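Colleague: Taken in order, the sequence shown gives residues 5 to 258; the numbers are from my numbering.
Starting off with a structure, shown below.
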Amino acid sequence: MNNGQLTNIAKAQFNQFTAENSMKWDAIESSQNNFNFNNGNSVVNFAQSIGAYVIPLLPNWVSSINNPNTLTSVIQNHIDKEGSQWKGKIYAWDVCNEILNEDFVSIAYNRARQVDPNAKLYINDYNLDFPNYAKTTGMVSRVKKWRSAGVPIDGIGTQAHLNSGGAGGLQGALSALAGTGVGEVAVTELDIQGGGANDFVTAVKACLAISNCVGITVWGISDKDSWRSNTTPLLYDSNYQPKQAYYSVMNALA
Numbered sequence: 005m006n007n008g009q010l011t012n013i014a015k016a017q018f019n020q021f022t023a024e025n026s027m028k029w030d031a032i033e034s035s036q037n038n039f040n041f042n043n044g045n046s047v048v049n050f051a052q053s054i055g056a057y058v059i060p061l062l063p064n065w066v067s068s069i070n071n072p073n074t075l076t077s078v079i080q081n082h083i084d085k086e087g088s089q090w091k092g093k094i095y096a097w098d099v100c101n102e103i104l105n106e107d108f109v110s111i112a113y114n115r116a117r118q119v120d121p122n123a124k125l126y127i128n129d130y131n132l133d134f135p136n137y138a139k140t141t142g143m144v145s146r147v148k149k150w151r152s153a154g155v156p157i158d159g160i161g162t163q164a165h166l167n168s169g170g171a172g173g174l175q176g177a178l179s180a181l182a183g184t185g186v187g188e189v190a191v192t193e194l195d196i197q198g199g200g201a202n203d204f205v206t207a208v209k210a211c212l213a214i215s216n217c218v219g220i221t222v223w224g225i226s227d228k229d230s231w232r233s234n235t236t237p238l239l240y241d242s243n244y245q246p247k248q249a250y251y252s253v254m255n256a257l258a
C-alpha cells in the first residue's frame, strides 16, 4: 500500500483485490479477543476509493483448541467481529481456505451468512488444477455434501499456482467445480512458473469458457513482490513493466 508503482498499476488495471495477509485471522485477532482492523481498513478504503471489490482470506490460528464448544465459540466470535467490521463492503469472503475434512465448516458458513448476508461465501484451495486430481474430486464431493446439508457455500476458488505448461487442465477443473451447484467459481491466486504468455492465455480462456467463472485474480502484480519471485510468475516484471503475458492476457480478454 506504500508502493506507488504498485498502487498505480492496481488502480489502472484491476477492479477486485484480495487482502493477502492483512485480513487473515492471525492478523486481525492475534490472540483471543485482541482485534486490530487497521491494515484491513486500509485495503477496504483503497478498494472503495476506486470502486473495486475486496475478498479477504480467513484462515485458522486456533488449531490448539481441543474443546469443540470452545472452538465453536471462538469461530463465531471471530466471524461476528470481522464480518461486522466490513459488512456490506466485501464482495466475497473466503470463509474456509485450504481445508477439506474439518467439522467446523457448517458452523463457519452459517455464521458468516448471518453476519454478512449479501456477501458471497467461498471455499478456496490449491491443487484444483485438473479435473481428475484427487483434491479436485474430493472438493467436488464434499461441497455437494455440505450444500445438500444446507451449508451456504456460494462459490469455489481455485488458487492456480501453476507450473510452466500446467494450465491445460484448468478449464476442466473449473467445469467440475461449477458442477457442484455453487453459483460461482473463480481463479483466485493465479501465478505461473516462467510467466509464459501462452500459459496465461490458457488460464484466462479457461475461466472465460465457464459461464459462472466470475473472476481471475493474479497473486501479485510484479515479479519483484511475488512469493515465488525466482520463477518470474506474474504479468509485470521486477521493474513494474508489463511483460508479453500482460499484452496477451489483455488480447484474450478483449
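Cβ coordinates follow ideal geometry from the N, Cα and C atoms, glycine included.
All of these numbers come straight from a predicted model, not from anything done at the bench.
Provide the residue span of the beta strand (DSSP E) that contains A190, from first to last.
Modeller: E188 to I196
Colleague: Have a look at N40 and K28 and give me their C-alpha separation to the nearest angstrom.
Modeller: Answer to the nearest angstrom: the Cα atoms are 11 Å apart.
Colleague: Take A153 as the anchor and find which of I111, P135, A51 and Q52 has the nearest alpha-carbon.
Modeller: Nearest C-alpha to A153 among I111, P135, A51 and Q52: I111.
Colleague: Quick one: what does DSSP say I94 is sitting in, helix, strand or coil?
Modeller: Coil at I94, not helix or strand.
Colleague: Compute the beta-carbon to beta-carbon distance between V205 and I220, rounded to the nearest angstrom, for a pair I have assumed lies under 8 Å.
Modeller: Not a contact, Cβ separation roughly 12 Å.
Colleague: Going residue by residue through the segment 113-181, where are the continuous beta strand (DSSP E) segments of at least 3 residues, counting only ones entirely within it?
Modeller: 124-129 and 159-162
Colleague: Buried or exposed for T184, please, with buried defined as at least 16 other CB atoms from any protein chain shown within 10 angstroms of its CB.
Modeller: buried
Colleague: Provide the residue(s) that pair with C217 in DSSP beta bridges, ordered along the chain.
Modeller: V189
Colleague: Whole-angstrom Cβ separation of V186 and L178, contact assumed at under 8 Å?
Modeller: Actually they are not in contact, since the Cβ atoms of V186 and L178 sit about 11 Å apart, beyond 8 Å.
Colleague: Check whether the segment 140-158 and the segment 189-202 are in contact - that is, three or more C-beta pairs closer than 8 Å.
Modeller: no
Colleague: Can you tell me whether DSSP reads E33 as helix, strand or coil?
Modeller: strand
Colleague: Near G159, what residues of its chain come up, given a Cβ to Cβ distance below 8 Å and the 5 sequence neighbours on each side ignored?
Modeller: A96, K124, L125, Y126, I127, V186, G187, E188, V189, A190 and V218
Colleague: Secondary structure at I59, three-state DSSP: helix, strand or coil?
Modeller: In this structure, I59 counts as strand in the three-state DSSP scheme.
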